[in-house]
Amino acid sequence: MKKNTLDKILQSQGFGTRKGCRHLIREGLVAIGGEVVNEFREDIDPEGLVFSVEGEEWTFMEKVYLVLNKPRDYECSRAPSHHPGVLALLPDPFDLRDVQPVGRLDHDTTGLLLMSDDGSFIHAQSSPKRQVPKVYVATTHDPVTPELVGKLISGVKLDDEPAPLSARARMIDDHRMEVVLEQGKYHQVKRMLAAAGNHCTALCRTAIGGLTLEALGLEEGEWCILEPEHLALLVKSPAGITA
Ligand code: URA
Numbered sequence: 043m044k045k046n047t048l049d050k051i052l053q054s055q056g057f058g059t060r061k062g063c064r065h066l067i068r069e070g071l072v073a074i075g076g077e078v079v080n081e082f083r084e085d086i087d088p089e090g091l092v093f094s095v096e097g098e099e100w101t102f103m104e105k106v107y108l109v110l111n112k113p114r115d116y117e118c119s120r121a122p123s124h125h126p127g128v129l130a131l132l133p134d135p136f137d138l139r140d141v142q143p144v145g146r147l148d149h150d151t152t153g154l155l156l157m158s159d160d161g162s163f164i165h166a167q168s169s170p171k172r173q174v175p176k177v178y179v180a181t182t183h184d185p186v187t188p189e190l191v192g193k194l195i196s197g198v199k200l201d202d203e204p205a206p207l208s209a210r211a212r213m214i215d216d217h218r219m220e221v222v223l224e225q226g227k228y229h230q231v232k233r234m235l236a237a238a239g240n241h242c243t244a245l246c247r248t249a250i251g252g253l254t255l256e257a258l259g260l261e262e263g264e265w266c267i268l269e270p271e272h273l274a275l276l277v278k279s280p281a282g283i284t285a
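Letter by letter, the sequence shown follows residues 43 to 285 in my numbering.
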């Protein structure tokens, strides 16, 4: 990786403007290997660099890939209007380096939300061509019946869609079902359940491809950096419902 000066490295990691980062260094607030660094003119290799800013430890990341277990009442928009935005759940440097949600979950939907500052990754993951299966657990107002499951599998007509939309689906218990979508139309699970004659009272995204909330073990509001083995799972089919 290209060597760079510490002020530029800190700036790339979301610690403010170059001037602001120089100020942090001059104030003795930046350390590498436990040693305060007051020099920012020397080129250093950022690859694998572990540093601390105001006592908090960070590892250099050229791009950030993370997953959040989104709680209810957070918006995925960068300009949230009625609830706080999901960026409020992450450390400030991630916001400053323009980490964004990959696609959107409704404000009242919980579960897996990928986030990144890598434009190509966001684009590739959101592309309709990619068809990464996403697994949702929907809680319903009325009991789940074999007829309801059958309707979702065979396809339901939504007002603004030219053709019926279908999903893989299975009953979990009286009031919960698993629904797998490969597209991500606006409010799709809720609207499909409504079109099939029920009402979704809670929705949680439990898997994206082979990456599952259960394996990650994240509580609501918790997040973690996606390691290469997690990213590889995004292209795998989810466990659970078979075709
Ligand atoms: N379908 C919905 O209805 N809402 C979501 O947030 C995601 C999928």
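Every residue gets a Cβ at the ideal spot worked out from N, C-alpha and C, and that includes glycine.
Separation of lysine 227 and glutamine 167 (C-alpha to C-alpha, rounded to the nearest whole angstrom) is 14 Å. Of all alpha-carbon atoms in Arg146, Lys105, Arg114 and Thr101, the one lying nearest the alpha-carbon of serine 162 is that of Lys105.
For threonine 151, the distance from the CB to the nearest heavy atom of the ligand URA is below 6 Å. Annotation for phenylalanine 93: the continuous beta strand (DSSP E) segment containing it runs 92-95. At the C-beta level, methionine 43 and glutamate 81 stay beyond 7 Å of one another. Here aspartate 184 really is in contact with histidine 241; their C-beta atoms are around 7 Å apart, less than 8 Å. Under the three-state reduction of DSSP, glycine 127 is assigned to strand. Annotation for alanine 205: no beta strand (DSSP E) segment contains it, and DSSP assigns it neither H nor E.
For alanine 121, there is no enclosing beta strand (DSSP E), as DSSP marks it with neither H nor E. In the pairwise beta carbon analysis, the region 198-208 is classified as not touching the region 174-181: fewer than three pairs are separated by under 8 Å.
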